[in-house]
Amino acid sequence: MAEAFRGEFYQSVDKKARVSIPAAFRRILEADDTVRGDKGGPRVYMVYGGKARRFVECYSKAGADALAERIEAMELGSPERDRAERDLISRSVMLEIEPDGRVVLPQKVREKMGFLGDDLSDGGEAAFAGFTNRFKLYRREVYEAELAEDDDDDTDPLTLVGRATRSG
144 MAEAFRGEFY QSVDKKARVS IPAAFRRILE ADDTVRGDKG GPRVYMVYGG KARRFVECYS
204 KAGADALAER IEAMELGSPE RDRAERDLIS RSVMLEIEPD GRVVLPQKVR EKMGFLGDDL
264 SDGGEAAFAG FTNRFKLYRR EVYEAELAED DDDDTDPLTL VGRATRSG
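So the sequence shown is numbered by my numbering: it starts at 144 and just counts up by one.
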């Protein structure tokens with residue numbers, strides 16, 4: 144298994160929608176993208192599809208390719224594959240990380256995160272949350288609200304891992 148995206152990071156988003164990718168995440172993106180983008184920087188693939196999602200799911204080049212392979216293994220023309228292709232492939236964008244570690248968040252990504260209209264006129268804050276082979280990008284307030292909801296669950300997360308290991 145490749146190195147996992149781990150940790151939580153809060154980064155400022157400026158009024159031009161620029162945000163720095165956390166250095167720990169950039170190292171993984173660099174390692175997973177040996178070809179690099181047109182300007183020589185590593186690429187990040189941001190998925191903004193999925194009606195119920197309140198976050199943008201971000202993959203390295205290798206992670207995006209692995210996701211595409213899993214979708215291609217689905218039955219061609221099936222409703223499930225069509226939806227997966229629409230929400231995970233069509234509704235995504237590839238960005239090359241600038242030498243200073245920043246990207247400009249495209250309009251569709253900002254909308255998915257909840258940055259609407261003049262929300263960034265005074266800047267904003269993004270939460271980057273590691274999820275093993277990908278990371279999720281949230282508006283900070285949305286992420287913290289989701290964490291607060293999860294805190295009401297008393298289940299020990301290690302028991303969930305144990306269940307998956309036994310049933311898999």
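C-beta: ideal position from N, C-alpha, C; glycine also.
Since this is a predicted model, take the numbers as computed values, not measurements.
Quick check on DSSP: helix, strand or coil for residue i?
i    : result
T275 : strand
A288 : helix
A282 : It should be noted that the sequence gives Arg, not Ala, for residue 282. Reduced to three states, the DSSP call for R282 is strand.
Express the C-alpha separation of residue j and residue i in angstroms, rounding to a whole number.
i    : j    : result
D131 : E212 : Outside the modelled stretch of the chain, which goes from 144 to 311, sits residue 131, for which no answer is possible.
L248 : P222 : 30 Å
D297 : M256 : 28 Å
S203 : F148 : 10 Å
L219 : I232 : 15 Å
D97  : S163 : Residue 97 is absent from the structure shown; the chain starts at 144 and stops at 311.
According to the Cβ coordinates, are residue i and residue j closer than 8 Å?
i    : j    : result
E239 : G150 : no
E200 : V190 : yes
F271 : P165 : yes
A288 : Q154 : no
R282 : G267 : yes
Of all the options the options, which has the alpha carbon lying nearest to the alpha carbon of residue i?
i    : options                   : result
A167 : G257, V178, V285 and T275 : T275
G206 : D175, G192 and I164       : D175
R234 : G220, V252 and Y286       : V252
K182 : D243, S155 and E287       : D243
K159 : G273, R226, G260 and D293 : G260
The ligand COA heavy atoms versus the CB of residue i: any closer than 7 Å?
i    : result
E239 : Although the ligand COA was asked about, the structure shown includes no ligands whatsoever.
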